[in-house]
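In my numbering, the protein residues as written are 1 to 184.
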Amino acid sequence: MADALKPADPDVRLTDGDLTLRPPTVDDAAELAQIVVANLDHLQPWMTWATSDYDEQGAADYITGKIDPTARPLLMLDGDGRIVGSTGLNDLDALNRVANLGYWVRADACGRGYATRATDLVARYGIDTVGLQRVEIFMSVHNEPSRLVAERSIATYEGIQRNRLRYDGQQHDAHIYVVLAATL
């Protein structure tokens, strides 16, 4: 099928010279789980999956696609090879050529531009390589750090989607930013 999205590439490497993105392997599951648990206070307000029982199996399920078979997760590695966060495409809609772009950065790595640079790399990869026409980034209207990441990235602000997110048992409005193939 010539019009299909490109399948996930386990060998993909995206870099800007200082930050490298690569797909996680099951060998990363224990370290990833440890990072998540150590950063719960930082992640829990916005990441519904970041819970105190997040463990190596939960990380492995994420890595192997058991949670979202369409996901294309990538680890963020700093210049020393240390995992500073995770990003990637998820909720891929092959028919409409749209995906969500998500990101998180460990607390001790915030403020260094990792998420913004990763966002730009992943959005370009999604459009130029995967074949997407639209990459969406959305976050709670109360998540100012994430909004600033999107604002500083190559994405364009589209507005607020009402009741877009659910956490803490309630619906929340979300800012939405997009990168379009037509504008790259």
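Even for Gly, the Cβ is constructed at its ideal location relative to N, Cα and C.
Determine the closest residue to residue i out of the options, with distance taken between C-alpha atoms.
i           : options               : result
residue 141 : 169, 165 and 134      : 165
residue 98  : 78, 147 and 133       : 133
residue 106 : 120, 44 and 84        : 84
residue 51  : 21, 35 and 27         : 35
residue 154 : 145, 118, 161 and 170 : 118
residue 47  : 95, 104 and 67        : 104
residue 80  : 18, 92 and 62         : 18
residue 126 : 64, 152, 114 and 91   : 91
residue 5   : 55, 129, 39 and 168   : 129
residue 89  : 63, 110, 57 and 171   : 63
residue 44  : 167, 161 and 116      : 167
residue 69  : 7, 120, 3 and 135     : 7
residue 86  : 162, 41, 57 and 33    : 33
Just checking residue i against the ligand PLP - is the residue's beta carbon closer than 7 angstroms to any of the ligand's heavy atoms?
i           : result
residue 123 : Ligands displayed in this structure: none; no statement on the ligand PLP is therefore possible.
For residue i and residue j, I'd like the C-alpha separation in whole angstroms.
i           : j           : result
residue 122 : residue 101 : 8 angstroms
residue 60  : residue 156 : 33 angstroms
residue 15  : residue 94  : 25 angstroms
residue 152 : residue 66  : 32 angstroms
residue 147 : residue 176 : 9 angstroms
residue 9   : residue 53  : 30 angstroms
residue 183 : residue 159 : 17 angstroms
residue 137 : residue 29  : 25 angstroms
residue 179 : residue 38  : 32 angstroms
residue 55  : residue 49  : 11 angstroms
residue 173 : residue 139 : 8 angstroms
residue 108 : residue 124 : 27 angstroms
residue 115 : residue 135 : 15 angstroms
residue 96  : residue 11  : 26 angstroms
Take the Cβ of residue i as the centre, count every other Cβ of all protein chains shown within 10 Å, and call the residue buried at 16 or more, exposed below.
i           : result
residue 13  : exposed
residue 82  : exposed
residue 144 : exposed
residue 150 : buried
residue 26  : exposed
residue 169 : exposed
residue 111 : exposed
Terminal residues of the continuous alpha helix (DSSP H) containing residue i?
i           : result
residue 145 : 144-152
residue 35  : 29-38
residue 115 : 114-125
Strictly under 8 angstroms for the Cβ-Cβ distance: is residue i near chain B by that measure?
i           : result
residue 135 : Going by chain labels, chain B is absent from the structure shown, which holds only one protein chain.
Return the first residue and the last residue of the beta strand (DSSP E) that residue i is part of.
i           : result
residue 62  : Per DSSP, residue 62 belongs to no beta strand (DSSP E); it is in the alpha helix (DSSP H), 56-63.
residue 104 : 98-105
residue 22  : 20-22
residue 156 : 156-167
residue 140 : 134-140
residue 86  : 83-93
residue 73  : 72-77
residue 184 : Careful: residue 184 lies outside any beta strand (DSSP E) and carries neither H nor E.
Does the pairing of the stretch 57-75 with the stretch 14-29 give three or more beta-carbon distances under 8 angstroms? The stretch 57-75 vs the stretch 14-29: in contact.
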